[in-house]
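A.B. asks: When we follow UniProt numbering, the leftmost residue of the sequence shown carries the number 1, and every step to the right adds one.
Glycine included, C-beta positions come from ideal geometry on N, C-alpha and C.
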Amino acid sequence: MSCSFTDSSYASTSAWISTVQDTHMEDAMTEDAQVCLVGNAGKRKDLLDALEKMKMPVVTSATGKEFLKDKSCETVYVVEEFDTYEFMDLLVNGARILGPPIIMKKAEEDQALPCSSRPIFCQQMAAIVVCFTGFTNKEQLKRLGELVHHMGGSIRKDMTPSVTHLVANSTSGQKYRYAVGLGKPILKQEWVCQLWERRKELTSVASDEEFMAQFKVAPFFNLVLSFLGFTEEERKHMEDQATSQGGSFAPVGDPTCTHLIVDETVIKELPPDIRCPRVVKQEWFWASIQIDACADEHLYKYEVAKTPVTFRMTTSGHSSIHSGRKRRLKDSIAALSHTVDQEETPVPPRKRRSSTKDSAMSVSCSSILDATQTPDGSTYNATSEIDTPSKAEQNLSVTTATIQPISKRHMTAMELLQTETNYVKILETIISVFKEPLEKEQTGGPILPAEDIKTIFSKIPDICSVHQRLKVDLEDLLHDFSEEKSIGTVIQKHALDMKEAYPPFVNYYEMTKQTVQKYDKELPRFHAFLKICQSKPECGRQGLTELLIRPVQRLPSMILLLSDLLKRTDVNHPDHKQLEKALALVKDVVEHINQDKRTADSRTQMFDIINDIEGVPPDLLSAHRTFIQRVEAVELADKEAGKGNNFTEKGCTISMILFSDALEICKKRSKYASSHKSPHGTKSTQKTHKHIELLPLSHIRRVLDVNETGTCHKAFALLCKPLMESSSRLDRLYMFALAGESSDKATWLKTLCHHIATATCKTDVDHFLCTIDPDELEITKTKYEHGSLHKAVRAAKRATKKVGRTFSFNKTPRRSVSRAVSSVSTVFSPMVSGDNITPQQLERINKRLGGTMTLKALSPMRRRPPLTPKQIKSITLSPAAMKKL
1 MSCSFTDSSY ASTSAWISTV QDTHMEDAMT EDAQVCLVGN AGKRKDLLDA LEKMKMPVVT
61 SATGKEFLKD KSCETVYVVE EFDTYEFMDL LVNGARILGP PIIMKKAEED QALPCSSRPI
121 FCQQMAAIVV CFTGFTNKEQ LKRLGELVHH MGGSIRKDMT PSVTHLVANS TSGQKYRYAV
181 GLGKPILKQE WVCQLWERRK ELTSVASDEE FMAQFKVAPF FNLVLSFLGF TEEERKHMED
241 QATSQGGSFA PVGDPTCTHL IVDETVIKEL PPDIRCPRVV KQEWFWASIQ IDACADEHLY
301 KYEVAKTPVT FRMTTSGHSS IHSGRKRRLK DSIAALSHTV DQEETPVPPR KRRSSTKDSA
361 MSVSCSSILD ATQTPDGSTY NATSEIDTPS KAEQNLSVTT ATIQPISKRH MTAMELLQTE
421 TNYVKILETI ISVFKEPLEK EQTGGPILPA EDIKTIFSKI PDICSVHQRL KVDLEDLLHD
481 FSEEKSIGTV IQKHALDMKE AYPPFVNYYE MTKQTVQKYD KELPRFHAFL KICQSKPECG
541 RQGLTELLIR PVQRLPSMIL LLSDLLKRTD VNHPDHKQLE KALALVKDVV EHINQDKRTA
601 DSRTQMFDII NDIEGVPPDL LSAHRTFIQR VEAVELADKE AGKGNNFTEK GCTISMILFS
661 DALEICKKRS KYASSHKSPH GTKSTQKTHK HIELLPLSHI RRVLDVNETG TCHKAFALLC
721 KPLMESSSRL DRLYMFALAG ESSDKATWLK TLCHHIATAT CKTDVDHFLC TIDPDELEIT
781 KTKYEHGSLH KAVRAAKRAT KKVGRTFSFN KTPRRSVSRA VSSVSTVFSP MVSGDNITPQ
841 QLERINKRLG GTMTLKALSP MRRRPPLTPK QIKSITLSPA AMKKL
């Protein structure tokens, strides 16, 4: 049943719904009441059983009118549907009406029937208080109110704290703003209609979050947006976002437009022909997505920027005009000096012509310090050209006569302080603009989970704290700078704190970056949050990922500045040795970070490796074990021929994964195996590798480097101790050839021997490596170049997963089948009759035929049935063949 009104007489006779004030009564039914089942309700056995369980007197009637004038007891009428004429007649006469679902629900909960002045069909909206806003059609609003009451809900005219849900048809008005501020669910009218469709269900889903999410009012619900001042790419992106958030878009100037979004950094004044009810800044757009509701337009109203009034100096005479131009040019240069990029290196000032040397020196020092915006600017006197000296300049402790030109060492120290100040500002911006707002309670709920916020920002506060202390110490040192002061001592003081703060962040920067990028794509609210933060002046239009990389770049930048400072410090200066120590400590911090990062990357790779190998031993993952290197190789040994041992078949491609104390041997699966589907039709979850053996490095006695020849390339062998579970006491010999052009055999063998020596606690690495000729291992040209082995080597070099033709599952074995047929035909001869073949000979013939087939030919779909005695009668064999059998 839809929520549209089906009976016009119902609306005219429902006087009790004319007001939206709730007068709902939930008193229990009195003991002397009876239940009248009207119409088809009297034929339902489940209703009769429920009322019998509740011990309620039950009567049945076609219309129920005969009980309306009976005042001896109170009668409650049960009507199967609320859109019938029987229901209307009872409603007009003021009868108490209930629906079957509420009878069943109360019987299930063992509770008494409610006594309400309004008809209640079910309890889908029990304990829910609804307020409506944005509806202009009174009949539509009246019908929605009726449905809420029929489902046991309540209605309030005003948006008060007792209201639990707001049903809105627009995103404007005080009720909507109040609901957004209180965090109340704001839903479309379809929520009420869908609940009414499910009125016969006994389980209420009205407050279920997943159910409500289907009917949530989107931030741009029923809005038409236009965008002005944006690039084509930005506009397209914002239009896509608007559509995904429930709105639509139109060209600028379209009469249907409800909101014009303007890029205030580009558009300084609106064209006169553009008319729109609401003109807002782009921050309103992203703020609406961030809070998951339409933001208040008054907070983001676009206003034309007021241009400052330009004062012109009215002078008489050519000299005065020329002087005024000079002063304006000087003022412009001074203004540009104050807005210069904070990260630029200070430039030594030019000497100005002046009749007084002291005056020139004073101007030079003052201009440099002003340009770099260092705290030292307050310690120098101002010149007569500055009209209003600052308070700090009036309290000078140094006279202009004692000021000396700034040395290169002093300027480098100032640059170090300036870059440190800028870096601290960036770290403080990350914390104040990004981290702290994400941790606070947000309108619409948390933007990111708490654990992900911790992952992203991790050690940023600790790094910021270290550099804040370093910045204060540098400011104190440069406040009253002298050449005898030691800058290296200040750096040494904080080097240990840097060593503790940086590694946890730098090691997992890539994970942090991937987390930010992932949520930026998947979560619209987080994407909008980043857009809003990026537009703030303190971020300088840089995103979070661009700011988070600064800690990774800071220490190398500091090393360059300290190296420059060391060059500009005389060898005999007391600070020279301190700077050397400081530079060594910072480099040690960087090396420590790199080592920790290599360890962290190795552990991360170990997780990836373990997840990629089927049947890997659980003890492979260990805290003391790290990943070293991985190579692909082809096995050359042939155990069946007595030439070495095999992990797999001869010519098979394997992966050798070297860890710090073990060598993992695993087999690469073929394309057929990886794409093979299970018999049940489900998607295969096979991993790309299969575990063969975990070989401890302490079990490798020798690493044999096979000399390169014209036919033997990248071959090597491993001589290993016998297995503990094996009865044989002979050493095992495994022979391999590296596959692929990227693997360097010399580097691989040297790395392998180094870790074998470490695992066996020996210092002589060369003791484990020895060279040998291919002939000594019986690696001949014939064995190496021809057959399936050569094909496997070539296939591995092409970076495919195929093995040899003999072991191929992808090609039809036509040549193998033809060879099998020819081999059978050579033993057939009409000279001997099939009658003379014994059963034992027949079995050998079948085995001989089966042995000539390939693996694919022997599959269940292609296997030929064995020959029967009748078929053998037609086969005659030669005496030589009979003798072999």
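Just to confirm, is the Cβ distance from I128 to G99 under 8 Å?
C.D. replies: No, these two residues do not count as a Cβ contact at 8 Å.
A.B. asks: Rounded to the nearest angstrom, how far is the Cβ of A582 from that of G488, given a contact under 8 Å?
C.D. replies: At roughly 4 Å, the Cβ-Cβ gap stays under 8 Å, so A582 and G488 are in contact.
A.B. asks: What number of angstroms, rounded off, separates the C-alpha of E439 from the C-alpha of V38?
C.D. replies: Going by the C-alpha atoms only, they are around 59 Å apart.
A.B. asks: Return the Cβ separation of L228 and G247 in integer angstroms, given the expectation that the two are a contact with Cβ distance under 8 Å.
C.D. replies: Rounded, the Cβ-Cβ distance is 16 Å, inconsistent with contact.
A.B. asks: Helix, strand or coil for V586? Go by DSSP, reduced to three states.
C.D. replies: Looking at V586 - three-state DSSP - the assignment turns out to be helix.
A.B. asks: Threshold first: 3 residues or longer. Then list the beta strand (DSSP E) segments lying entirely within the region 54-105, N to C.
C.D. replies: Segments of the beta strand (DSSP E) lying fully in the region 54-105: 58-61, 75-78, 96-98.
A.B. asks: Does the beta-carbon distance from E635 to I654 come in below 8 Å?
C.D. replies: Yes, the Cβ-Cβ distance between E635 and I654 is below 8 Å.
A.B. asks: Within its chain, find whatever has a CB closer than 6 Å to the CB of E385; leave out the 5 residues flanking it on each side and keep chain order.
C.D. replies: Because E385 sits at a pLDDT of 36, beneath the cut-off of 50, its placement in the model cannot be relied upon, and the point is left open.
A.B. asks: In whole angstroms, what is the alpha-carbon distance linking Q442 and I291?
C.D. replies: Each residue's Cα considered, the two are about 7 Å apart.
A.B. asks: Please check the pair L579 and E415, which I expect to be a contact at CB under 8 Å, by giving their CB distance rounded to whole angstroms.
C.D. replies: Not quite, the Cβ-Cβ distance comes to about 15 Å (not below 8 Å), so this is no contact.
A.B. asks: May I have the straight-line CA-CA distance separating D497 from D476, to the nearest angstrom?
C.D. replies: When rounded, the distance between both Cα atoms is 20 Å.
A.B. asks: Using the rule of at least 16 other Cβ atoms within 10 Å of the residue's Cβ for burial, across every protein chain shown, is N707 buried or exposed?
C.D. replies: Looking at its Cβ environment, which holds fewer than 16 other Cβ atoms inside 10 Å, N707 is exposed.
A.B. asks: Kindly indicate which three-state DSSP category D570 falls into: helix, strand or coil?
C.D. replies: Coil at D570, not helix or strand.
A.B. asks: Once DSSP output is grouped into helix, strand and coil, what is the label at Y302?
C.D. replies: Coil, per DSSP.
A.B. asks: Within its chain, find whatever has a CB closer than 7 Å to the CB of F659; leave out the 5 residues flanking it on each side and keep chain order.
C.D. replies: Hits under 7 Å: R625, T626, F627, I628.
A.B. asks: Could you compute how far the alpha carbon of K643 sits from the alpha carbon of E778?
C.D. replies: Taking the straight line from one Cα to the other gives about 8 Å.
A.B. asks: Hey, could you find the ends of the beta strand (DSSP E) S288 is sitting in?
C.D. replies: First-last for S288: 282-291, but that is the alpha helix (DSSP H), not the beta strand (DSSP E).
A.B. asks: Assuming L448 contacts Y519 (C-beta within less than 8 Å), just tell me the rounded distance between them.
C.D. replies: With 8 Å as the limit, L448 and Y519 qualify as a contact, their Cβ atoms being about 6 Å apart.
A.B. asks: From this set, H755, Q517, E483, which residue's C-alpha is nearest H573's C-alpha?
C.D. replies: That would be E483, whose Cα lies nearest to the Cα of H573.
A.B. asks: Let me know the secondary structure DSSP gives S655 once reduced to three states.
C.D. replies: Residue state, collapsed to three classes: strand.
A.B. asks: State the Cα-Cα distance for the pair H24 and I102, rounded to the nearest angstrom.
C.D. replies: The pLDDT assigned to H24 is 42, lower than 50, so where the model puts this residue is not dependable, and the model offers no usable value.
A.B. asks: So, with DSSP's three-state summary, where would you put F434?
C.D. replies: Reduced to three states, the DSSP call for F434 is helix.
A.B. asks: Between the beta-carbon of P219 and the beta-carbon of A168, is there less than 8 Å?
C.D. replies: It is not a contact, given that the beta carbons lie outside the stated cut-off.
A.B. asks: So, does the region 587-596 touch the region 449-464, judging by three or more C-beta pairs under 8 Å?
C.D. replies: Counting Cβ pairs under 8 Å, fewer than three are found: no touch.
A.B. asks: Are the beta-carbon atoms of L719 and D705 separated by less than 8 Å?
C.D. replies: Their beta carbons are not under 8 Å apart, which means L719 does not touch D705 by this criterion.
A.B. asks: Please name the residue, chosen from T709, R701, Y734, that lies closest to D766 on a Cα-to-Cα basis.
C.D. replies: Nearest C-alpha to D766: R701.
A.B. asks: Taking all protein chains shown into account, decide if residue 963 is buried (16 or more other Cβ within 10 angstroms of its Cβ) or exposed.
C.D. replies: No answer is possible for residue 963: it lies beyond the span of the chain, which begins at 1 and ends at 885.
A.B. asks: Between the Cα of I267 and those of E66, V280, H592, spot the shortest distance and give me the residue it belongs to.
C.D. replies: The shortest Cα separation from I267 among E66, V280, H592 belongs to V280.
A.B. asks: Would you please state the rounded distance, in angstroms, between the beta carbons of L523 and P617? I believe it to be under 8 Å.
C.D. replies: That pair is no contact at about 39 Å.
A.B. asks: Around the Cβ of M104, are there at least 16 other Cβ atoms within 10 angstroms (buried) or fewer (exposed)?
C.D. replies: By the 10 Å Cβ count, M104 comes out buried.
A.B. asks: Could you check where the alpha helix (DSSP H) with F526 kicks off and where it finishes?
C.D. replies: Here the alpha helix (DSSP H) through F526 covers 524-534.
A.B. asks: Is the region 150-168 touching the region 256-272, taking contact as three or more C-beta pairs under 8 Å?
C.D. replies: Touching, no.
A.B. asks: What is the residue span of the alpha helix (DSSP H) that E632 lies within?
C.D. replies: Premise fails: E632 lies in the beta strand (DSSP E), 627-635, not in any alpha helix (DSSP H).
A.B. asks: So for R541, helix, strand or coil by DSSP?
C.D. replies: Correct three-state label for R541: coil.
A.B. asks: What number of angstroms, rounded off, separates the C-alpha of P349 from the C-alpha of N422?
C.D. replies: The predicted position of P349 is uncertain, since its pLDDT is 40 and thus under 50; a value taken from the coordinates is nonetheless stated next. One C-alpha to the other measures close to 22 Å.
A.B. asks: Consult DSSP for V228 and reduce its assignment to one of helix, strand or coil.
C.D. replies: According to the sequence provided, residue 228 is Leu. The question's Val does not apply to it. Three-state result, L228: strand.
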